[in-house]
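In the working numbering, the protein residues as written are 29 to 639.
Ideal Cβ placement from N, Cα and C applies to all residues, glycine included.
Quick caveat: nothing in here was measured; it's all calculated off a predicted structure.
Have a look at the structure below before the remarks.
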């Protein structure tokens, strides 16, 4: 650990209320176990999708789930949670935040967040991050550690536009050692397509497409009945071509690399109801962006984060638990677009306090200070229970002031203006940034004996981004979900509405409502399953200024997926599967936006080997 970390200490004290522990057992499956929850604690909420469903729908990445979730609007590697923008959606991998305000390019690459050996991935909105259990506010994916006899599976898939996937996994346990290792290679040569006139101008005739390598591993050692050591490693590399916003600029090459290493020491005294955890991690994020014929905007970004977590929790009784956290943290950013070549985040100090009464009223206050930014956050939560209804009211206020050099890293992605000539044109306009956010959330869940899950939630937000020569943003939205199970059939339906209002220079008003619809139907038995998923997004655009080149209204192409899996009787461990889904690519040629659409067909097989 770097010596500079000796004075970088975060002390966080929080008192959290836990409901009576409920028993939970995942369904048995020979495929990796994945569970997605709708809130922070699995014993406080309903299950959005079961481990078996995640495998049946052939979900390989987190965004496969988000594309058919009414809560989220996934577009161009960015994720919007209902009435928020991408900066408000927080991604945690192994409890380490990947897209915080100090990260470059907060858009999410779906290939990195894969549903394999990761022990914990969570995607939160600002409310759930403030210790709320608002329904649908948080999606968590948990995969189980390797257990039982050693098992292996191999997957081979080939599909339209020269797309191929190779995957191998081995997991199991040997006495006190458990392991889970996955290697995956994905290649696509025709999914990113340049316009012909741009392709003819390119000096380099490299094939369009993406090449992705992913490796992840988990090892655990049970030293004593109460002491466990576990390690986690993930490596990811993505090389892809893309179309730049300018029509006169040919495509470039984008390289994205991530590496996460983490080791944990856990002491769990179950009888005394005490748990201590020490974890050390290193997160290295690199992105190299190159425009072939415009070296003026060539950019190289490196973000490295090191940290040490100390955690102590103790259960006082079945309803109350006490949690103390201490963190040592250092974050270093380097970018060729910065006037300062390196930005270091030191001495982050944070404290948090939570008060609760009768499991209904919660108050939490958090203050964070560092050499680069200051945050103040408080939340007020009231929960009311009826026989089949839970209502939650959450009021959250947060302020954060950030240095201009920090905002230069990610503001170019915030505007989404296809008319920007270079990223520097935005950087030169930014002076000081202050973020003010007020959130009021009212949510309700109703559980009916015949309708397995009927969930309704609504929220009202006021998000103010104060930027020099830009203005502020306000947003609000609502959502409804319905899920019904009968015999071997499963039906789900969802609708979400969100609206953005941007006020620029106190005179230019831009209004952007969005409607998201989703539906799915699945039928399965022991050796055959089939299903269909459809989601549709309608975007409207209303502005009193013609400076932004965007259509008044456009309908995103419907996202559909038809899939089937069949067990081969002669080989009980062999499954054949096929999937058809639409593929569309969006590129800009000022002042218009073009969408190229097509249908992709993918076939493959998966075999399970038990030792």
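Counting along the chain, the unbroken alpha helix (DSSP H) around residue 91 starts and ends at 90-94. For residue 562, the closest C-alpha among the options 608, 312, 287 and 335 is that of 608. Judged by DSSP in its simplified three-state form, residue 84 adopts helix. In the structure shown, residue 546 adopts extended strand secondary structure according to DSSP, grouped into three states. Across the set 185, 189 and 199, the C-alpha of 199 shows the shortest separation from the C-alpha of residue 176.
A check of alpha carbon separations from residue 610 across 596, 541 and 187 identifies 187 as the nearest. With distances taken between CA atoms, residue 635 lies nearest to 194 out of 289, 194 and 213. With the rule of 3 Cβ pairs closer than 8 Å, the segment 241-258 counts as touching the segment 200-207. In this structure, DSSP gives residue 561 an extended state, which the three-state scheme calls strand. The continuous beta strand (DSSP E) containing residue 212 extends over residues 205-216.
DSSP, reduced to helix, strand and coil, places residue 188 outside both helices and strands of the structure shown, so it counts as coil.
When DSSP states are grouped into helix, strand and coil, residue 305 belongs to the strand group. In this structure, residue 125 sits away from residue 148, with a CB-CB distance that is not shorter than 8 Å. Around the beta carbon of residue 91, a 10 Å sphere encloses 16 or more other beta carbons of the protein chains shown; the residue is thus reported as buried. Residue 308 is not a Cβ neighbour of residue 632, given a cutoff of 8 Å. In this structure, DSSP gives residue 254 a state outside helix and strand, which the three-state scheme calls coil. By alpha-carbon distance to residue 544, the top candidate from 551, 560, 550 and 522 is 522. The residue among 294, 552, 242 and 314 with its C-alpha nearest the C-alpha of residue 252 is 294. In the three-state scheme derived from DSSP, where H, G and I count as helix and E and B as strand, residue 299 is classed as coil. Shown here, residue 599 sits in coil according to DSSP, grouped into three states, outside any helix or strand. Less than 8 Å separates the beta-carbon of residue 284 from that of residue 266. Measuring C-alpha to C-alpha distances from residue 264 to each of 256, 217, 212 and 519 identifies 212 as the nearest. DSSP places residue 141 in the coil class of the three-state scheme, outside both helix and strand. Here the alpha carbons of residue 286 and residue 312 stand approximately 6 Å from one another. Per DSSP, reduced to three states, the secondary structure at residue 354 is strand.
Put simply, of 552, 527 and 565 the residue whose alpha carbon is nearest the alpha carbon of residue 514 is 552.
Listed in chain order, the non-local C-beta contacts of residue 258 below 6 Å within the same chain comprise 248 and 292, local neighbours out to five positions each way being set aside.
In terms of CA proximity to residue 555, 601 leads the group 601, 254 and 244. Residue pairing by DSSP places residue 195 opposite 183 and 212 in a beta bridge.
The three-state reading of DSSP puts residue 551 in strand, counting E and B together. Under the three-state reduction of DSSP, residue 336 is assigned to strand. Closest option to residue 217, judged by alpha-carbon separation, among 202, 335 and 238: 238.
Shown here for residue 255: same chain residues with a beta carbon closer than 6 Å to its own, the five before and five after excluded, namely 295 in chain order.
The residues 610, in chain order, have a CB closer than 6 Å to that of residue 627 in the same chain once the five nearest residues on each side in sequence are set aside. Note on geometry: alpha-carbon atoms of residue 560 and residue 588 lie some 7 Å from one another.
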